[in-house]
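Chains as they are written, first to last, in our numbering: chain G, 9 to 164; chain S, 9 to 164. Beta carbons are placed, not taken as given, at the ideal position from N, Cα and C, and that holds for glycine. Encoded as structure tokens, the structure appears first; notes follow it.
Number of protein chains: 2
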Amino acid sequence: MKPSQAPTGETLSKARLRVWLKLLKSVNGIETEIRRNLREEHGTTLPRFDVMSALARFPDGLKMSELSSYLKVSNGNVTGIVDKLTEEGLALRVAVPGDRRAQVARLTAKGRVAFEELAQHHEDWINTLLEGLSAGNVDALSAHLDCILDRQMEED
Amino acid sequence: MKPSQAPTGETLSKARLRVWLKLLKSVNGIETEIRRNLREEHGTTLPRFDVMSALARFPDGLKMSELSSYLKVSNGNVTGIVDKLTEEGLALRVAVPGDRRAQVARLTAKGRVAFEELAQHHEDWINTLLEGLSAGNVDALSAHLDCILDRQMEED
DNA sequence: CCCTAAAATTTCAAGCTTAAAATATTTCGA
DNA sequence: TCGAAATATTTTAAGCTTGAAATTTTAGGG
């Protein structure tokens with residue numbers, strides 16, 4: 009017997025749309041909570057955390073353009089965020105020898121300390137928010153997301 | 009024999025963090041593409057599409073506060089977006105009989121036509137962006153997302 | 001009826017984001 | 001060496017977003 013719910017092209021499209029909305033809801037819910045925690049508990053924001061996280065991963069610093077392409081945001085965007093971090097002594101700009109156009113952004117010692125503190129909390133928040141996922145769930149979810157990400161990489 | 013990669017609490021936390029970053033990357037990639045399509049092909053934005061989508065689902069209209077809680081955004085936010093849609097003749101505000109504080113936002117006929125056009129394209133874009141997911145993948149992914157969403161609903 | 005608290009919405013200030021224009025510098029072919 | 005094209009960054013204008021303050025209206029106890 010033919011299964012009555014055999015997915016036609018039409019219903020697969022609708023099913024993908026529904027899972028997309030669910031994906032969006034999951035991510036927005038977590039992101040909202042992370043933003044709230046950063047703001048209320050640490051007086052900072054997610055974009056600032058993202059920039060600090062990128063700079064922490066590259067101790068020698070990143071050129072402004074490398075930073076913006078790494079984070080997939082516009083150049084003008086990181087300019088403003090690095091400006092603020094610099095004003096607060098968490099980051100600094102270093103001239104690139106041999107190219108007076110470019111500057112490398114780096115964390116200061118104070119910035120590294122502040123980031124380590126944030127990063128530990130961030131991992132804890134995520135661990136709690138994803139408590140519903142067992143190790144097996146994590147692996148399976150990861151594999152499914154790879155199906156989506158594989159397609160995104162082709163398109164660049 | 010014990011598997012050598014038995015996940016301790018420590019590594020489960022790291023695995024959850026990695027899958028979170030992957031989730032974020034998947035969603036941001038898709039969302040960026042949708043925003044680009046809306047802007048370049050239809051001269052509109054995702055927040056406007058979201059508002060129109062909500063209003064389309066409620067033909068009798070939604071109070072401003074119902075709209076903002078439905079979309080999980082601030083009151084002030086929807087005020088500005090409905091203002092713009094109203095200026096363009098896509099939405100309108102209707103007084104609520106018996107409560108002069110409240111107003112109901114609705115789509116105009118023009119707004120409904122514009123939304124139907126957008127919605128069809130939107131479904132097509134998503135269907136293409138999620139081409140890597142088979143019907144089975146969609147169901148499995150959906151189930152895993154439910155593990156995340158279940159937890160979010162408890163917390164309200 | 002009065003008047004305080006609650007409710008619905010808008011206004012506001014601050015920050016994020018983008019695309020495009022503007023600046024400054026480097027590269028490299030003629 | 002000159003100058004056009006490419007590169008690195010900042011500036012700018014416009015829109016989104018939020019939380020908090022302000023405004024208007026309603027509801028309910030005294």
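Shown here, Asp107 (chain G) sits in a strand according to DSSP, grouped into three states. Residue burial is scored here from C-beta neighbours: Gly144 (chain S) has fewer than 16 other C-beta atoms within 10 angstroms and is therefore classed as exposed. Beta-bridge partners of Arg114 (chain S) (DSSP): S:Leu100. Going by beta carbons, Leu137 (chain G) and Val27 (chain S) fall outside the 9 Å limit.
Close partners of Arg24 (chain S) in chain G (Cβ separation under 8 Å): Ile134, Asn135, Leu138, Leu141 and Val146.
Excluding sequence positions up to five before and after Ala62 (chain G), its CB lies within less than 8 Å of the CB of Leu70, Leu75, Tyr78 and Leu79, all in the same chain and listed in chain order. In terms of CA proximity to Thr116 (chain G), G:Glu95 leads the group G:Lys33, G:Leu25, G:Gly51 and G:Glu95. When the five nearest sequence neighbours on each side are left out, the beta carbons in the same chain lying within less than 7 Å of the beta carbon of Ser82 (chain S) are those of Ser76, in order along the chain. With a contact defined as Cβ atoms closer than 8 Å, Gln111 (chain G) and Val121 (chain G) miss out at about 23 Å. Counting only unbroken stretches of 4 or more residues, the alpha helix (DSSP H) elements lying wholly within the stretch 21-97 of chain S are 54-65, 72-79 and 83-95, in sequence order. The alpha carbon of Leu25 (chain G) has as its nearest neighbour, out of S:Asp158, S:Leu29 and S:His130, the alpha carbon of S:His130. Within 7 Å of the CB of Gln111 (chain G), no CB atom of chain S is found; the nearest one sits about 26 Å away. Residue contact check for Val104 (chain S) against chain G: no CB pair falls below 9 Å.
Against chain S, the beta carbon of Asn36 (chain G) has neighbours under 9 Å at Val35 and Lys80, listed in chain order. Residue state for Leu141 (chain S) is assigned as coil, using DSSP reduced to three classes. With respect to chain G, the C-beta atom of Ile89 (chain S) has no partner C-beta closer than 9 Å.
Buried is the label assigned to Gly37 (chain S), since at least 16 other Cβ atoms lie within 10 Å of its Cβ. Taking a 10 Å sphere around the C-beta of Leu31 (chain G), we find 16 or more other C-beta atoms and assign the residue as buried. Counting only Cβ-Cβ distances below 8 Å, Leu126 (chain G) has no contacts in chain S at all, with the closest Cβ about 13 Å away. At least 9 Å separates the CB of Leu46 (chain S) from every CB of chain G.
Among the residues facing chain S, Ser76 (chain G) is not included, as its CB has no counterpart in that chain under 9 Å away. For Asp132 (chain S), the closest C-alpha among the options S:Arg56, S:Leu46, S:Lys33 and S:Ser34 is that of S:Leu46. C-alpha of Ile134 (chain G) to C-alpha of Ser34 (chain G): approximately 12 Å in a straight line.
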